[in-house]
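Have a look at the structure below, then the notes.
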Amino acid sequence: MIDTYLTISDKIGEGYYTEKRSKFLAYCHHVDNIHEIKEILAFYRKKYYDARHICYAYVLGPERQEYRVNDDGEPSSTAGKPILGHINSKKLTNILIVVIRYYGGINLGTGGLILAYKEAAKEAINDTEIIEKQVEEIIVYTFSYIMMNDVMRIVKEMSAKIINQKFDNTCEISLSIIRSKADELHERLNKLSFK
């Protein structure tokens, strides 16, 4: 179980690479889900409707288990895989890199394509900021008002963040905590209920 992961800031990174008159424009985005990815891809397909290829790779989730590559008509494994390879070399997640190619009239060969897509992706990543984020879980706990001091003591001791709270005869608190401490927080709060 991991508590942190590397991703990029919200700044869109831009990269540019040219080889034998072919132009490779690269953009890297912080993304959190497939829906965002589809919207970004639709935007680039519309904006660069005249480009020969719009290739991409993405990785999602703290464990980096959800990923996809797309060569968009380039020879198999010459575009999406090199882009993904550079994402993996930096151990990044929640990232989408799109590389748009304008064909220059001269074939680059598989080696040339692999290098071009990798270099464009590298430039885009270098143009943004790599940041470390914590994997957090949300815990919602309901309790009676007389338990308030005990609940708040546990929240403080465990460094949980209060996201939302409602105080009445029956109170409810939403907490965010680092994943590895979530079970312990759950356990400590539940023990209060049985005091």
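Residues in the sequence shown are numbered consecutively from 38, following our numbering.
The beta-carbon is built from N, C-alpha and C at its ideal position, and this holds for glycine as well.
The three-state secondary structure of A63, taken from DSSP, is strand. Contact annotation: the segment 133-142 touches the segment 64-72, with at least three C-beta pairs closer than 8 Å.
In terms of CA proximity to G117, Y104 leads the group Y104, T207, Y182, K83. Of all alpha-carbon atoms in Q171, L133, H223, the one lying nearest the alpha-carbon of K48 is that of L133. Rounded to whole angstroms, the separation of the alpha carbons of R101 and E173 is 16 Å. In this structure, I45 places its C-beta atom within 7 Å of the C-beta atom of T165.
Short of 7 Å from the beta carbon of K75, and not among the five residues preceding or following it, lies no beta carbon of its own chain.
Considering only T115, Y86, Q171, Y53, the residue with the shortest C-alpha distance to S213 is Q171. Runs of the beta strand (DSSP E) lying entirely within the segment 174-221, each at least 3 residues long, are 198-203, 207-215 in chain order. Rounded to the nearest whole angstrom, the C-alpha separation of R190 and I151 is 56 Å. Just measuring C-alpha positions, the residue of D87, I167, G110, R82 sitting nearest I124 is I167. Within 10 angstroms of the beta-carbon of A79 lie fewer than 16 other beta-carbons, which makes it exposed.
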